Ligand SMILES: NC(=O)c1ccc[n+]([C@@H]2O[C@H](COP(=O)([O-])OP(=O)(O)OC[C@H]3O[C@@H](n4cnc5c(N)ncnc54)[C@H](OP(=O)(O)O)[C@@H]3O)[C@@H](O)[C@H]2O)c1
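Residue numbers (our numbering): 6 to 282.
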């Protein structure tokens, strides 16, 4: 579980190299690049972004009940015509609602899918983790989600969940960027075989002028966004940048044909030597 493997099953879109896959166990392979769709409006904006992502070689979409655009994601995936088994769809349980077993059914209905590839607890709720996780284990056993995981779990909470679980979470999705680098969580996920997934890997667009990032981008003739995404991928972290723009969606996918040198990785690591989740 958690090993990086080299190739994508499907050729990517124009000019973009193949997206590597991570092994989540039980034959579930997760593309290390996905499109995040938080803050894309339901309807045309979401549909178009997903369509452009498929065109650029993305096969992985990250949505959530909270984002209110599952229906549009589903519509765009159907319109894209890519075989279901080549897609990787994540959605998330809104923990404010009581029953994950009922909620997954509603998400699947909105997405128009029989199963999702990854179902996440969107954020931890104090005191409810054990009960919520047992419902997640049952959802996986029923085949409604091929893999199950969590989001916004720090080291301690994650260790507590694993200790009481029949099945460990496959993924922890957390804020992860050179300006928010949870190095200790990354190390503990590696030890426990949990794949770390980066949300806000571009710091929501606010770090693209950082001098260290810009300096490396200039040297490599890449964009600051590509440098930030490549840094996360070289830490074996899955990235799900969001963009509503076709050219940026394509740009964010062109991160598998260059490499950051160890000293460039170290310089980016030093921007934030260790954030708590
Ligand atoms: N689990 C959680 O609690 C959680 C929390 C936050 C996010 N997420 C997930 O993670 C995804 C990504 O995080 P995020 O949306 O917070 O932020 P992000 O991906 O770090 O940044 C998105 C911002 O960067 C801009 N951008 C994208 N590509 C760019 C490029 N190449 N050059 C310049 N600017 C660029 C976008 O603007 P344009 O759209 O105008 O291009 C947008 O404003 C979300 O969509 C969601 O799926 C999960």
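Backbone N, C-alpha and C define an ideal beta-carbon position, used for all residues, glycine too.
All figures in this text were calculated on a predicted structure; none of them were measured in a lab.
In chain order, what residues of the same chain have a beta carbon less than 8 Å from the beta carbon of residue i, not counting five sequence neighbours either side?
i, result
"residue 303", "In the structure as shown, the chain begins at 6 and stops at 282. Residue 303 is therefore absent and cannot be evaluated."
"residue 66", "39, 40, 42, 55, 58, 78, 82, 92, 93, 94, 95"
"residue 239", "264, 265, 270"
"residue 254", "40, 54, 57, 58, 61, 63, 248"
"residue 121", "94, 95, 96, 109, 112, 113, 149, 150, 151"
"residue 170", "138, 142"
How big is the Cα-Cα spacing for residue i and residue j?
i, j, result
"residue 47", "residue 60", "20 Å"
"residue 164", "residue 158", "9 Å"
"residue 144", "residue 228", "41 Å"
"residue 251", "residue 168", "43 Å"
"residue 241", "residue 104", "33 Å"
"residue 248", "residue 197", "32 Å"
"residue 70", "residue 110", "11 Å"
"residue 216", "residue 209", "17 Å"
"residue 235", "residue 89", "27 Å"
"residue 15", "residue 220", "A caution first: residue 15 carries a pLDDT of 46, below 50, which makes its placement in the model unreliable, though a value can still be read off. When rounded, the distance between both Cα atoms is 34 Å."
"residue 130", "residue 223", "43 Å"
"residue 34", "residue 123", "10 Å"
"residue 275", "residue 128", "28 Å"
Exposed or buried, which one is residue i when buried takes at least 16 other CB atoms within 10 Å?
i, result
"residue 268", "exposed"
"residue 151", "buried"
"residue 161", "exposed"
"residue 32", "exposed"
"residue 146", "exposed"
"residue 262", "exposed"
"residue 44", "exposed"
"residue 278", "exposed"
"residue 202", "buried"
"residue 154", "buried"
Under 6 Å Cβ to Cβ from residue i, same chain only, skipping five residues before and after it: list those, please.
i, result
"residue 85", "59"
"residue 102", "108"
"residue 76", "115"
Near residue i, what residues of its chain come up, given a Cβ to Cβ distance below 7 Å and the 5 sequence neighbours on each side ignored?
i, result
"residue 280", "185, 186, 187"
"residue 106", "140, 143, 144"
What whole-angstrom Cβ distance do residue i and residue j have, given they're in contact under 8 Å?
i, j, result
"residue 26", "residue 176", "So it is not a contact: roughly 13 Å between Cβ atoms."
"residue 80", "residue 52", "6 Å"
"residue 243", "residue 200", "6 Å"
"residue 173", "residue 125", "With 8 Å as the limit, residue 173 and residue 125 do not qualify as a contact, their Cβ atoms being about 14 Å apart."
Which full runs of the alpha helix (DSSP H) of 4+ residues lie inside the stretch 156 to 228, going along the chain?
-> Entirely contained in the stretch 156 to 228, the alpha helix (DSSP H) runs reaching 4 residues are, in chain order, 160 to 169, 188 to 197, 216 to 225.
Segments of 3+ residues assigned as beta strand (DSSP E) that fall wholly inside the stretch 30 to 78 = 34 to 36, 65 to 67
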